[in-house]
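In our numbering, the protein residues as written are 120 to 393. We put the beta carbon where it would ideally sit given N, CA and C, even for glycine.
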Amino acid sequence: MEHNEQSVKLTKKDVNKSFWLWQLFSHANYNYERMQGTAFAMAMAPILKKLYPKKEDLVDGLERHLVFFNTDPNLGAVIHGATIAMEEKKANGADISGEAINAFKTGLMGPMAGVGDSLIQGVIIPLFVAIGISLGLTGNLLGPLLVWFGLTATLVLIARSSWMKGYELGTSAITSMLQDGRMKTWIGAAGILGTMVMGGLISQYVGFSTKIAFTIGQVPFDLQANLFDAIMPNLLPLALTLFIYWLTTKRVKTTWILLGVAVVGIAGGALGIF
120 MEHNEQSVKL TKKDVNKSFW LWQLFSHANY NYERMQGTAF AMAMAPILKK
170 LYPKKEDLVD GLERHLVFFN TDPNLGAVIH GATIAMEEKK ANGADISGEA
220 INAFKTGLMG PMAGVGDSLI QGVIIPLFVA IGISLGLTGN LLGPLLVWFG
270 LTATLVLIAR SSWMKGYELG TSAITSMLQD GRMKTWIGAA GILGTMVMGG
320 LISQYVGFST KIAFTIGQVP FDLQANLFDA IMPNLLPLAL TLFIYWLTTK
370 RVKTTWILLG VAVVGIAGGA LGIF
């Protein structure tokens, strides 16, 4: 590939346009051969058109980014920003090969997917949805609005910040994020907060108790009040929730779980257990 004789500089508008293409189409044409590769190339298209005016260079650049790619589309956007910075340097004569750019993408998409999925799918999304459901059950319109707009705005903010940071710092941005111990601290703190919120929702909205009562000698004994609540209030709702979660980890179909809960609930109610 020949380099441009005159230096070319990307503008903030160029980088923003690429970001919004990725944000809107990151999972368009999602397939097992390329995963997000087509969307990556689409987002890079306006960047490459400006950097490489010659058709053969443009084609080479697009083919370079049509390869398999898959990562968290939000926090992982730092890879895209750094890739744009690498392409800009390459177009201006830096000794960066196309293979080096793809090696950079391939090497970092896994780690960033791990960090991003843990934070986004494991903490942020469940937290917003849990709070939204809690508000929605009380008839508060803020519940669905929080999920629709609050969650969307948060994810866009994370994605854009990552994208711009990647472009500004280049390849060093990824290394900095992965080596910075604060990232693990933030994920851990967010996870604790999410667990606390879920615990509160379980105690408030999962109704599960037993009516079993009997006498020991002359003393009446209520199994719910004298045993379960004495150990820990809302112990049964927590146990039920954790059991259902355990079933999902064993790949038991949700349909069977719902059917099982319904059957046990109806049978237990008929027998006076629940």
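Each residue's CA atom was taken as its position, placing lysine 169 and glycine 285 some 19 Å apart. Its chain contains His184 and Phe188 as the residues whose beta carbon lies nearer than 6 Å to that of phenylalanine 159, once the 5 sequence neighbours on both sides are disregarded; these appear in chain order.
Each of Val234, Glu182 and Leu265 was checked against the Cα of alanine 249, and the nearest Cα belongs to Leu265. Measuring C-alpha to C-alpha distances from isoleucine 243 to each of Thr273, Ala232 and Gly226 identifies Thr273 as the nearest.
The Cβ atoms of serine 253 and leucine 359 lie no closer than 8 Å to each other. Contact fails between the stretch 322-338 and the stretch 223-242, because fewer than three Cβ pairs, one in each stretch, are under 8 Å apart. In chain order, Gly262 and Tyr324 place their CB closer than 8 Å to the CB of leucine 256, counting only its own chain and leaving out the 5 sequence neighbours on each side. Taking 4 residues as the shortest admissible run, the stretch 160-200 contains the following complete alpha helix (DSSP H) segments, listed from N- to C-terminal end: 174-183. Using a Cβ-Cβ distance cut-off of 8 Å, the stretch 365-385 and the stretch 340-354 are not in contact, since fewer than three pairs of beta carbons, one from each stretch, lie closer than that value. Only residues of its own chain outside the window of five on either side were considered, and among them Leu185, Val186, Phe187 and Phe188 have a CB closer than 8 Å to the CB of arginine 153, listed in chain order. In this structure, DSSP gives isoleucine 392 a state outside helix and strand, which the three-state scheme calls coil. In the structure shown, the three-state DSSP call for asparagine 150 is strand.
Residue pairing by DSSP places aspartate 214 opposite no residue, since no beta bridge is assigned to it.
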